[in-house]
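Sequences listed follow chains D and Z, in order. Quick note on the numbering used here: the first sequence kicks off at 513 and runs consecutively. Quick note on the numbering used here: the second sequence kicks off at 678 and runs consecutively.
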Amino acid sequence: MTKSKEHIELISQWFRENNWKAHSFQKKAWKYQLEGYSGIVNAPTGSGKTYSVLLPVFASHIENKGTPNGLQLIWISPIRALAKEIKISAEKAIDAYDLSWRVEIRTGDTTTIGRQKQISNPPQILITTPESLHIIMTSKKSKKIFETCHTVVVDEWHELIGSKRGVQTELFLSYMRSINEGLMVWGISATIGNLPEAMDVLLGSNNNDKKILIKAKIKKKILVKTIMPDEIERYPWAGHLGILLLEKVIPIIKSSQSTLIFTNTRGQCEIWYQKLLEFDPSLAGIMAMHHGSISKDMRAWVEEALYTGKLKAVVCTSSLDLGVDFRPVETIVQVGSPKGVARFVQRAGRSGHRPGATSKIYFLPTNSLELLESSALRKAIEESRIEDRTPFVRSWDVLIQYMMTRAVGGGFQAEKLYRELIKTFSYSSMTEEEWSLLLNYILYGSQSLKAYDEYHKIGKTKDGTYLVNNKGVAQRHRLSIGTIVSDAMLQLKFVRGKKIGSVEEWFVAQFSPGDHFWFAGMSLEYVRIKDNFLEVRKSKKKSGRIPSYMGGRLSFTSQMSDVIKEKLYEYGKGKIKDIEMKKLVPLFDMQELRSRMPREEEILIEYFHSNEGYHLLMYPLEGRNVHEGMAALLGQRLSRILPISFSLAYNDFGFELLSDKRIDVDKLLNKSLFDPKNLEQDIQASINSVEIAQRKFRDIACISGLIFTGYPGKEKRQKHLTSNSRLIFDVFREYEPENLLYQQTYEEVMAVELKEDRIYSALERIQNKKIIITKPDKYTPFSFPLMVDRLREKMSSESLLERIEKMKVELVK
Amino acid sequence: MEEIILKGEKLKLLPEKAIFWEKKSALLMADLHLGKVSHFRKYGIALPPQSEDKNWQVLSRLIRKWKPQKVIILGDLFHSKYNDQWENFVAMTDRYSELEWILVKGNHDVLRERHYHRSNLTIYPYALKMPPFLLTHEPDEVFDGLYTLCGHIHPGILMKGKGKQRLKLPCFFLGPEIGILPAFGVFTGLHLLQPEEDDQIFLIADQQVVAI
């Protein structure tokens, strides 16, 4: 027997002792890992994926029972809540093999003393987050801690890959490879559309001869049901709440052990919780609420109660998308559009945890057109059309943060670091010129070599090491590590003591002391703001506002919009079969009567006048963010023909250009307006005026250290160093537009926000379609939701002075 | 440029965010926040260093164009602690030493005395009476019978138009008893104000001053 076979035998033995049957994907993973491979294991949750990559780490130590010195395995988990479960699993195995390894967790919650101990005496297994690893890297001892570690597992890699935390992970791995050549890296991922790419991102241009993608052949059954409005004619055409169907949720809750009710925003979550209680007071005490603004303690309580089966229902947001499995959960209700197939599948998967059990999910449409989605989602699930997770590339903000991290943690040599970086997926295309601009930027505070002022952050020693020696700089940097940028928040607490959560500053700004609002299902009275706390007391008032939150402006994914289109075209083909679609027929008929139900070979435009102005609506069915770009593009191209100002609105179905001037649509709207040629140029020209880039810049400014958010817990914030990202953006635009961070903003807007490639293919499709322009005398089922959407952008080709001339009147009113 | 009569005095509102008071040959400006960019840079926040230059360019252009005898700064001349941008200011007051340089101190003006001494500045800690005006930094300084001209607020106006257009612009905000100048400096924000019936607003847009 070869060594690796012996080891597999040792592992399997333990499985047999427990009466567990090893899945074939587990055996495969053990074999390859024992042979020194790296790769990805693709398996659904609850299928034993943890043991598929964990056990081989112990294998060579089982015989001699020795405890190796120093760190052996780093387990990166993006979700703090999962760390405990991993630790329990690891310790179970350690006990079984009679080893004496230590397993420790390190997250932002770990105490200072605990962290120091982990550095002076590291455990054999460390379970942690990408952020925490970067913080360890700022310690001068980090090399000593990390160099004994031979395996890194990246759990839930699908969650990380599409975010800058994924880039952070890549950077950490590249550092690890630089100090430990034989490093093995294993990712664990749920199914995503681009698994092979996910492996390339994880491994970079390393392990080329020893990498493998292992797929578990376990498919989970999902049952999708729709909560139907009784009469489609009476169900609203617009809206996102869905309260009208609330009474149909009660029997669902009653008939299953535990139900999770997913809402799309925290505000919606609050309302649903309140309304459910009002409708059925017997739910008091057995129903709870869970969202990201609620304090950690309260969330932990809810999770615990859910785990132990004490709760009948929890109204929640994406805050419960991930994390530990709650076995008592039998049923899921999704209120409103999930916007993507993967998200819907993920949520469905939160139910039915027994092996072989079916996940059951109810879709509750919040407006009539959303019924379409239920039918579309079912189709997408049947055909396994799961979205890609696109990795971030060339994120200079994350790289600048990392360069600082390395400079603080003992320094780096430019040449050597460059060679490490170009082996990563994200920075593989970085040129030497770009690299030297970045070096200038961190050294001189400017890409050009003009070190004429007092800028200081980083030094360069005689031997060419980039190093931070200033304790203040190092400290400020440690506090700014991370890539998740949130709005400025205020902690919410009762006057006497307990913290109950947090709310955005801009939200609080709308209130004054004495006002009432709802939060976490409680009516609260605003007492005062003290330091960084909003102090409140409980109130008996029934009326009050629900905190509203930014974010939650999700867009249809391309999988979602494709399948929606297919469903919608069924009308023209006369092939309507699903009950949801049948229910929608009267609505489609009305659309056809007042305007047109677009056929596959058509693209629909509606044009009409109201007292708001002239409405031009177009329905490419490509998803909100694609429409945002298309609207800007069309506006830009139209305004090149004639001086005109538009305000723009968009949703997942289409977009609207509203103007106070009439245009000759039959003459002007032809295919040349939708020519994919010069797309990038024209969009760039238009986004300048719609300020998307300005919004986007805040994240980049925070990650790259241009905005310092302050010391946690410090009562006085660093007022003299705070500034708003718009101002910073403006000075870059005017004085240093060639700056890589400024350029990155536009690249991110194009790729991430506007989905340039999707706009491009949408325009190409339009070229092959017939443009149908209708002039309805009334709003249509398609136009109505867009017209009530209040999220609008402006764009204009009129000069500023012309616009002000027009605006005056409104101001005086 | 917009010429107005305020309390019987002819004032020119300049798009460079300053006022020229011809009769007194005085150039009035507020909230220059000189050295702000350098201050950030000193703490390792890498803003474009060239942005600081614009303040100097505009300031010297105004002096050359209007040839004032007095430059009166209504507070927040310098952003924070000393940095080398102060030397530029000292050099400027030297270059135009025939002018009377006046500073009415603002909350940001916290340099040590010795730095102020090296410049050509005459300093008023709270206010300067130049009837019919009282020149101050913050708007809460009032004096019987005088109209307060001040800064501090960084006034801005939100304009709304048809089709839900929105536009934020800096402005001169002239109320019945107090007039607020826009912030002169480049790296300064806007604080939005809501005008009342008897407020006069002059927006700055496209290098022009526009009455609304």
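Every residue gets a Cβ at the ideal spot worked out from N, C-alpha and C, and that includes glycine.
- For the region 1087-1143 of chain D, the full-length beta strand (DSSP E) segments reaching 3 residues or more read 1114-1122 and 1125-1130 along the chain.
- With the criterion set as a beta carbon lying under 9 Å from some beta carbon of chain D, the members of the region 715-742 of chain Z are Ser-715, His-716, Phe-717, Arg-718, Lys-719, Tyr-720, Gly-721, Ile-722, Ala-723, Leu-724, Pro-725, Pro-726, Gln-727, Ser-728, Glu-729, Asp-730 and Lys-731, in sequence order.
- The criterion of a C-beta distance shorter than 9 Å is not satisfied by Gly-848(D) and Thr-771(D).
- Contact check for Lys-851(D) and Leu-1066(D): beta-carbon distance about 4 Å, within the 8 Å limit, so the pair qualifies.
- Listed along chain Z, the residues sitting closer than 8 Å to Asn-1236(D) by beta-carbon distance are Gly-866.
- Counting the other CB atoms within 10 Å of its CB gives Glu-659(D) a total below 16, which places it among the exposed residues.
- Judged by DSSP secondary structure, Arg-618(D) falls outside any alpha helix (DSSP H) and instead within the beta strand (DSSP E) spanning 615-618.
- One alpha carbon belongs to Lys-604(D), the other to Met-1130(D), and they sit about 59 Å apart.
- The beta carbon of Lys-1267(D) lies closer than 6 Å to those of Asn-1137 and Val-1138 in the same chain, with the five residues before and after it left out.
- For Asp-909(D), not one C-beta of chain Z is nearer than 9 Å to its own C-beta.
- The three-state secondary structure of Trp-763(Z), taken from DSSP, is helix.
- Within the region 1202-1220 of chain D, the residues whose Cβ lies closer than 9 Å to any Cβ of chain Z are, in chain order, Ser-1216, Gly-1217, Leu-1218, Ile-1219 and Phe-1220.
- When DSSP reads this structure, Ser-1171(D) sits in a beta bridge with Tyr-1126(D).
- The way I'd put it, the region 1277-1285 of chain D doesn't touch the region 919-938 of chain D; fewer than three beta-carbon pairs between them come closer than 8 Å.
- Not flagged as an interface residue toward chain Z: Lys-972(D), since no C-beta distance is shorter than 9 Å.
- Under a criterion of Cβ atoms nearer than 9 Å, the residues of chain Z adjacent to Phe-1244(D) are, in order, Leu-724, Pro-725 and Ser-728.
- Distances from the CA of His-814(Z) to each of Pro-847(Z), Ser-702(Z) and Ile-855(Z) were compared; the closest alpha carbon is that of Ile-855(Z).
- The beta carbons of Gly-752(Z) and Val-714(Z) sit about 19 Å from each other, so the pair does not count as a contact at 8 Å.
- Any Cβ of chain Z closer than 9 Å to the Cβ of Lys-983(D) would place that residue at the interface, and such an atom is absent.
- The residues Leu-688, Lys-689, Leu-690, Leu-704, Leu-705, Met-706, Leu-826, Phe-849 and Leu-858, in chain order, have a CB closer than 8 Å to that of Ile-696(Z) in the same chain once the five nearest residues on each side in sequence are set aside.
- Not flagged as an interface residue toward chain D: Asn-784(Z), since no C-beta distance is shorter than 9 Å.
- Within 10 angstroms of the beta-carbon of Lys-872(D) lie 16 or more other beta-carbons, which makes it buried.
- CA-CA distance, Leu-522(D) to Thr-562(D), rounds to 17 Å.
- Within the region 757-773 of chain Z, the residues whose Cβ lies closer than 9 Å to some Cβ of chain D are Ser-757, Lys-758, Asn-760, Asp-761 and Gln-762, listed in chain order.
- Counting the other Cβ atoms within 10 Å of the Cβ of Ala-888(D) gives 16 or more, which makes it buried.
- Your pair His-803(D) and Arg-839(D) does not check out as a contact, with CB atoms roughly 22 Å apart and the cut at 8 Å.
- For a cut-off of 8 Å, the C-beta gap from Leu-707(D) to Asn-879(D) is around 35 Å, too long to register as a contact.
- Leu-566(D) and Ile-657(D) do not touch by the CB rule: their CB atoms are close to 20 Å apart, not below 8 Å.
- A straight-line Cα-Cα distance of about 32 Å links Thr-641(D) and Gln-525(D).
- Scanning Val-666(D), Asn-692(D) and Leu-715(D) for the CA closest to the CA of Ser-701(D) turns up Val-666(D).
- When secondary structure is reduced to three states using DSSP, Ile-934(D) falls in the coil class, being assigned neither helix nor strand.
- Of the candidates Gln-858(D), Phe-1029(D), Asn-692(D) and Lys-676(D), Asn-692(D) places its Cα closest to the Cα of Asn-718(D).
- The region 700-784 of chain Z is shown to contain whole beta strand (DSSP E) runs of 3 or more residues at 703-706, 747-750 and 777-781, in chain order.
- Under the three-state reduction of DSSP, Arg-866(D) is assigned to coil, being neither helix nor strand.
- Under the three-state reduction of DSSP, Trp-698(D) is assigned to strand.
- Val-863(Z) has a beta carbon lying within less than 9 Å of a beta carbon in chain D.
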